[in-house]
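For the sequence shown, our numbering gives the first residue as 16, with consecutive numbering after it.
What follows is a set of notes on a single structure, which appears directly below.
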Amino acid sequence: MHKRNNPIGVFDSGVGGLTVVRALMERLPHENIIYFGDTARVPYGVKSVETIRQFTGEIVDFLLAQNVKMLNIACKTMAAVASDVVKERAGHLPVLDVIEAGAKAAVDASVSKTIGVIATPTTINSNAYARRIASLDASIRVFSQPCPLFVPLVEEGWLDHPVTRLTTQEYLKPVLAEQVDTLVLGCTHYPLLKPLLQEVAGDKVTLVDSAVTTASQTAHLLRELALANPGDHPTPPVYRYVVTDVPLRFTTIGERFLGRSLGRVEVV
Ligand code: DGL
Numbered sequence: 016m017h018k019r020n021n022p023i024g025v026f027d028s029g030v031g032g033l034t035v036v037r038a039l040m041e042r043l044p045h046e047n048i049i050y051f052g053d054t055a056r057v058p059y060g061v062k063s064v065e066t067i068r069q070f071t072g073e074i075v076d077f078l079l080a081q082n083v084k085m086l087n088i089a090c091k092t093m094a095a096v097a098s099d100v101v102k103e104r105a106g107h108l109p110v111l112d113v114i115e116a117g118a119k120a121a122v123d124a125s126v127s128k129t130i131g132v133i134a135t136p137t138t139i140n141s142n143a144y145a146r147r148i149a150s151l152d153a154s155i156r157v158f159s160q161p162c163p164l165f166v167p168l169v170e171e172g173w174l175d176h177p178v179t180r181l182t183t184q185e186y187l188k189p190v191l192a193e194q195v196d197t198l199v200l201g202c203t204h205y206p207l208l209k210p211l212l213q214e215v216a217g218d219k220v221t222l223v224d225s226a227v228t229t230a231s232q233t234a235h236l237l238r239e240l241a242l243a244n245p246g247d248h249p250t251p252p253v254y255r256y257v258v259t260d261v262p263l264r265f266t267t268i269g270e271r272f273l274g275r276s277l278g279r280v281e282v283v
């Protein structure tokens with residue numbers, strides 16, 4: 016079998032990375048995908064850098080054994096503190112730098128050169144987005160805000176709940192006070208809050224949806240490396256979902272994230 020038919024490996028701390036899978040399915044409908052969600056050890060966004068790096072290495076080893084043709088770090092927390100671990104283990108296999116993709120999209124979108132970044136505490140503490148934005152354009156000012164309550168609120172399905180609205184207003188207050196014109200959604204879960212975030216931020220603020228930017232960068236990379244699946248197979252693409260804990264919660268929440276039914280979920 017040609018390498019082009021091998022799956023794209025997408026991985027995350029849990030269910031959130033399915034927002035990236037959804038964007039990939041829409042953008043690249045011929046690609047086979049294997050998704051790994053570390054549901055037994057989620058959340059990563061409040062864990063230490065050392066722990067996240069160790070877990071990330073284990074996930075990458077698993078995916079490499081599945082013959083993936085590229086790796087896509089859906090989880091921004093892993094990308095922020097462990098992308099070197101992924102790249103080192105992957106060797107020649109392409110790895111999509113999701114922080115770079117988000118940073119570039121934000122730099123392209125910002126006119127006032129004032130960008131806000133919202134993400135998990137570990138991602139914000141790593142300064143990964145701010146550093147990447149500065150390397151693209153040193154004159155841009157970046158205002159970062161950790162939003163630890165967003166992950167549980169989104170998993171609860173409270174996408175337009177008064178509690179979520181109030182939380183959003185509180186989190187965005189300091190960032191909006193800096194007159195940002197672009198806001199990076201630097202976490203797997205935040206695309207689900209887009210309508211609320213847009214409403215609170217106002218329509219003058221451009222939201223950078225990391226799931227969408229990741230999917231278009233993936234398409235670009237596969238084309239460039241002649242690894243895109245031509246879709247000349249009579250069978251539809253294969254989607255595999257692998258998790259580390261009993262998949263009950265993953266399935267119910269996951270279908271909301273993915274926008275379609277999941278089918279079989281494997282536990283390792
Ligand atoms: N997947 C994580 C991220 O994108 C959010 C969930 C977690 O904290 O594990 O940062």
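For glycine and all other residues, C-beta sits at the position ideal for the given N, C-alpha and C.
Being a predicted model, the structure only gives us computed values, none of them experimental.
From the options, residue whose alpha carbon lies closest to that of residue i
i    : options                : result
D175 : L240, L242, V215       : V215
A118 : T250, P249, T229       : T229
V126 : V258, S159, E270, T221 : T221
L263 : T54, A124, I49         : T54
S159 : V25, F265, E193, L78   : E193
V195 : A97, R271, T182, A124  : A124
K128 : H107, V157, V100, I139 : V157
E41  : P249, E281, F265, T233 : T233
Closer than 7 Å: residue i CB and nearest ligand 1 heavy atom
i    : result
K209 : no
K91  : yes
H204 : yes
Y59  : yes
D27  : yes
T129 : no
T267 : no
A38  : no
T138 : yes
T179 : no
A124 : no
G217 : no
V166 : yes
T135 : yes
Which residues DSSP lists as bridging residue i, in chain order
i    : result
S125 : According to DSSP, S125 bridges with nothing at all.
V132 : S159, V199
T221 : T197
E281 : V257
Contact check, residue i vs residue j, beta carbons under 8 Å
i    : j    : result
V258 : A38  : no
I67  : T92  : yes
P167 : T135 : no
Y254 : I23  : no
V35  : N87  : yes
A120 : V25  : no
V261 : H204 : no
A95  : D27  : no
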